[in-house]
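Student: Numbering (the numbering used here), first residue to last: 515 to 963. Think of the CB as a built atom: it goes at the ideal place given N, C-alpha and C, for glycine as much as any other residue. Keep in mind the model is a prediction, meaning the values are calculated, not measured. Got a structure here, written out as structure tokens. Questions coming.
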């Protein structure tokens with residue numbers, strides 16, 4: 515059997531299904547190939563399930579501390595089976611919504627593994643598929659790390675952690691990046707003894723240094739043990755069948771014991787099974803090389819999302835999908851990553867956009883603390899700050915970091931402000947409702963004057 519499409523998309527994550535819907539609206543005949551579940555990593559084993567469990571764990575932690583609000587609750591407990599069930603139900607609803615939208619848009623969904631025959635033909639199951647254009651959106655997979663003992667039964671990855679119905683009394687998390695720190699707060703909220711081992715000299719190394727220091731301080735205050743500048747040497751099993759993680763810190767070997775070990779060491783581009791060697795497509799360390807139009811070196815083949823390793827963010831994959839489709843439609847627009855919001859769901863949340871460090875005289879910065887915000891006080895969430903960075907010569911705000919309540923939502927205000935070339939005067943002259951956490955942005959702007 516042989517089929518032909520205007521656009522064939524491999525991968526059903528945010529980039530894949532997003533570009534499929536966008537292309538279909540533009541009148542293209544589109545097919546989307548997915549070997550597992552629609553939604554990709556983000557919906558099934560990443561963004562959505564982790565945030566769902568974060569919500570449950572945060573609610574539990576808030577109930578435990580309800581006396582601070584004048585409320586007494588006795589015999590508080592959680593049912594991990596119900597938490598996982600709720601997470602699975604939410605993911606299923608969202609998957610069904612994606613399938614409905616694709617079907618309504620006449621996008622053909624093909625379940626199977628796509629394999630390249632050559633630059634012009636892809637085989638899925640027993641079907642040969644030809645295409646005018648193709649988008650590779652196969653996402654990322656777990657990074658491999660050569661640690662002796664990594665295959666012990668008590669060592670899990672984030673996907674497995676999202677299905678665990680039995681919470682350990684203690685866990686060691688290897689990696690203090692986004693995944694590691696989000697899970698650290700999940701486990702801590704549920705009463706687990708948490709240790710994070712990070713190779714670098716700070717956690718969350720990709721964000722603003724002030725934000726990293728703030729979360730480090732709050733993590734330690736909550737009882738999370740953080741070991742920085744520490745290299746994991748091996749993982750062994752004790753006589754009690756617990757994990758013994760040996761690490762080196764300042765040339766001295768030490769160890770930590772726990773029931774479980776969570777690997778949170780990042781993700782790498784996923785091209786497994788594509789048989790990309792049958793094509794002329796150029797790659798670099800498994801990342802598909804693309805230009806500013808998301809085009810590969812093969813004229814009618816594009817790649818978007820994590821598989822390009824440009825930015826591993828779901829909203830970037832969606833954005834890149836639009837860029838790719840527009841170029842397929844002969845509208846030669848380029849991707850621009852100057853104003854990309856990023857959110858980390860620790861406790862409190864962290865978000866940032868644009869420039870994150872004002873490290874020379876061309877910039878000035880301001881910082882307003884949530885402890886002075888009325889709504890934050892009412893919420894009993896006074897940790898953190900809003901930080902703004904301004905380019906003095908251009909007289910525009912070029913960066914922002916928020917650590918604190920509603921950070922994931924508030925960053926959109928500053929994303930728009932930076933994208934539109936606003937300065938502090940534009941923000942100051944804007945009316946913000948009172949009392950809200952958004953007023954912290956207004957106050958941070960006044961401190962730039």
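1) With contact counted as at least three CB pairs below 8 Å, one residue from each stretch, are the region 900-914 and the region 872-889 in contact?
2) Take residue 716 as the anchor and find which of 526, 752, 923, 744 has the nearest alpha-carbon.
3) Are the CB atoms of residue 776 and residue 697 nearer to each other than 7 Å?
4) Comparing C-alpha positions only, which one of 863, 650, 854 sits nearest to residue 729?
5) Please state whether DSSP places residue 956 in a helix, a strand or coil.
6) Could you check where the alpha helix (DSSP H) with residue 868 kicks off and where it finishes?
7) Taking DSSP's pairing of strands, which residues face residue 649 in a bridge?
8) What residues are listed by DSSP as bridge partners for residue 669?
9) Considering Cα atoms alone, identify which of 934, 636, 784 is closest to residue 797.
10) With a CB to CB cut of under 8 Å and the five nearest residues on each side skipped, what residues in its chain are close to residue 726?
11) Roughly how many whole angstroms lie between the Cα atoms of residue 533 and residue 550?
12) Using DSSP with H/G/I as helix, E/B as strand and the rest coil, what is residue 716?
13) Could you tell me if residue 677 is buried or exposed, where buried requires 16 or more neighbouring beta carbons within 10 angstroms of its beta carbon?
14) Inspect the beta-carbon positions of residue 900 and residue 830 and report whether they are closer than 7 Å.
15) For residue 621 and residue 630, which I take to be in contact (beta-carbon distance under 8 Å), what is that distance rounded to the nearest angstrom?
16) For residue 518, write down the residues that DSSP places opposite it in a beta bridge.
17) In three-state terms, what does DSSP make of residue 728?
18) Does the structure place the region 838-852 close enough to the region 798-812 that three or more beta carbon pairs sit under 8 Å?
19) Can you check the region 858-931 for any beta strand (DSSP E) of at least 3 residues that lies completely inside it and give the ranges in chain order?
20) Just how far apart, CA to CA, sit residue 888 and residue 703?
21) Please list, in chain order, all residues of the same chain as residue 816 whose beta carbon is under 6 Å from its beta carbon, the five residues on each side excluded.
22) Determine, using beta carbons only, whether residue 703 comes closer than 7 Å to chain B.
23) Can you check the region 551-596 for any alpha helix (DSSP H) of at least 4 residues that lies completely inside it and give the ranges in chain order?
24) Should the region 914-933 be regarded as contacting the region 595-606, the criterion being three or more beta carbon pairs within less than 8 Å?
25) So, residue 547 versus residue 624, is the Cβ gap smaller than 7 Å?
26) Per DSSP, which residues does residue 637 bridge with? Please list them.
27) Quick one: is residue 779 buried, meaning 16 or more other Cβ sit within 10 Å of its Cβ, or exposed?
28) Under three-state DSSP, which class holds residue 946?
29) To which residues of the same chain is residue 572 closer than 7 Å at the C-beta, ignoring the five residues directly before and after it?
30) Does residue 761 come out as helix, strand or coil in the three-state DSSP assignment?
31) Residue 654 lies in the beta strand (DSSP E); which residues open and close that run?
32) For residue 602, does the three-state DSSP call read helix, strand or coil?
Tutor: In short:
1) The answer is yes - the region 872-889 touches the region 900-914, with three or more Cβ pairs under 8 Å.
2) The sequence position of residue 716 within the chain shown is 202, counting from 1. Among 526, 752, 923, 744, the Cα nearest to that of residue 716 is on 744.
3) Numbered from its first residue, the chain shown carries residue 776 at position 262. Numbered from its first residue, the chain shown carries residue 697 at position 183. Against a cut-off of 7 Å, the Cβ pair of residue 697 and residue 776 comes out as a contact.
4) To locate residue 729, count along the chain shown from 1; it is residue 215. Selected option, being the one with the closest Cα: 863.
5) For the purposes of this step, residue 956 is identified with residue 442 of the chain shown, where counting begins at 1. Of the three classes helix, strand and coil, the one that applies to residue 956 here is helix, per DSSP.
6) Working through the chain shown from its first residue, we reach residue 868 at position 354. In the DSSP assignment, residue 868 falls outside any alpha helix (DSSP H) and lies within the beta strand (DSSP E) extending over 863-868.
7) On the chain shown, residue 649 is found 135 positions in, with the first residue counted as 1. Answer is 523, 816, bridged to residue 649.
8) By 1-based counting over the chain shown, the position of residue 669 is 155. DSSP lists 775 as partners of residue 669.
9) Locating residue 797 in the chain shown gives position 283, where the first residue counts as 1. Out of 934, 636, 784, 784 has the C-alpha closest to the C-alpha of residue 797.
10) Within the chain shown, the letter at position 212 stands for residue 726. Counting only Cβ-Cβ distances below 8 Å, and skipping sequence neighbours, we find 716, 717, 718, 719.
11) For this step, residue 533 is matched to residue 19 along the chain shown. For this step, residue 550 is matched to residue 36 along the chain shown. If I take the Cα positions, the gap works out to 18 Å.
12) Translated into the one-based positions of the chain shown, residue 716 becomes position 202. If DSSP states are grouped into helix, strand and coil, residue 716 belongs with coil.
13) For the purposes of this step, residue 677 is identified with residue 163 of the chain shown, where counting begins at 1. By the neighbour-count definition (other C-beta atoms within 10 Å, threshold 16), residue 677 is an exposed residue.
14) The sequence position of residue 900 within the chain shown is 386, counting from 1. The sequence position of residue 830 within the chain shown is 316, counting from 1. No, the Cβ-Cβ distance between residue 900 and residue 830 is not below 7 Å.
15) As a first step, residue 621 is located in the chain shown; it is residue number 107 there, counting from the start. As a first step, residue 630 is located in the chain shown; it is residue number 116 there, counting from the start. Between residue 630 and residue 621 the Cβ distance is about 21 Å, and since that is not below 8 Å, they are no contact.
16) As a first step, residue 518 must be located in the chain shown, where it is residue number 4. Residue 518 pairs with 644.
17) By one-based count along the chain shown, residue 728 stands at place 214. Residue 728 falls in the helix class under three-state DSSP.
18) At 8 Å Cβ cutoff, the stretches touch.
19) Within the region 858-931, the complete beta strand (DSSP E) runs of at least 3 residues are 863-868, 877-883, 899-905, 910-918.
20) Here residue 888 refers to the residue found at position 374 of the chain shown. Here residue 703 refers to the residue found at position 189 of the chain shown. Between the alpha carbons of residue 888 and residue 703 lies a gap of roughly 25 Å.
21) The residue given as residue 816 occupies position 302 in the chain shown. Result list for residue 816: 649, 808, 809, 838, in chain order.
22) This model lacks chain B altogether, as it is built from one protein chain only.
23) Complete alpha helix (DSSP H) runs here, min 4: 554-559, 561-578.
24) When Cβ pairs closer than 8 Å are counted between the two stretches, the region 914-933 is seen not to touch the region 595-606, the count staying below three.
25) Numbered from its first residue, the chain shown carries residue 547 at position 33. Numbered from its first residue, the chain shown carries residue 624 at position 110. For the 7 Å CB-CB criterion, residue 547 and residue 624 form a contact.
26) Your numbering for residue 637 matches position 123 in the chain shown. 629, 642, per the DSSP bridge assignment.
27) On the chain shown, residue 779 is found 265 positions in, with the first residue counted as 1. Around the CB of residue 779, 16 or more other CB atoms lie within 10 Å, so the residue is classed as buried.
28) Residue mapping note: residue 946 aligns to position 432 of the chain shown, counting from 1. Residue 946: coil per DSSP, three-state reduction.
29) By 1-based counting over the chain shown, the position of residue 572 is 58. Correct list, in chain order: 703, 861.
30) As a first step, residue 761 must be located in the chain shown, where it is residue number 247. In this structure, residue 761 counts as strand in the three-state DSSP scheme.
31) As a working note, residue 654 is residue 140 in the chain shown. Counting along the chain, the beta strand (DSSP E) containing residue 654 begins and ends at 654-656.
32) Along the chain shown, read from residue 1 onward, the residue named residue 602 stands at position 88. It is helical.
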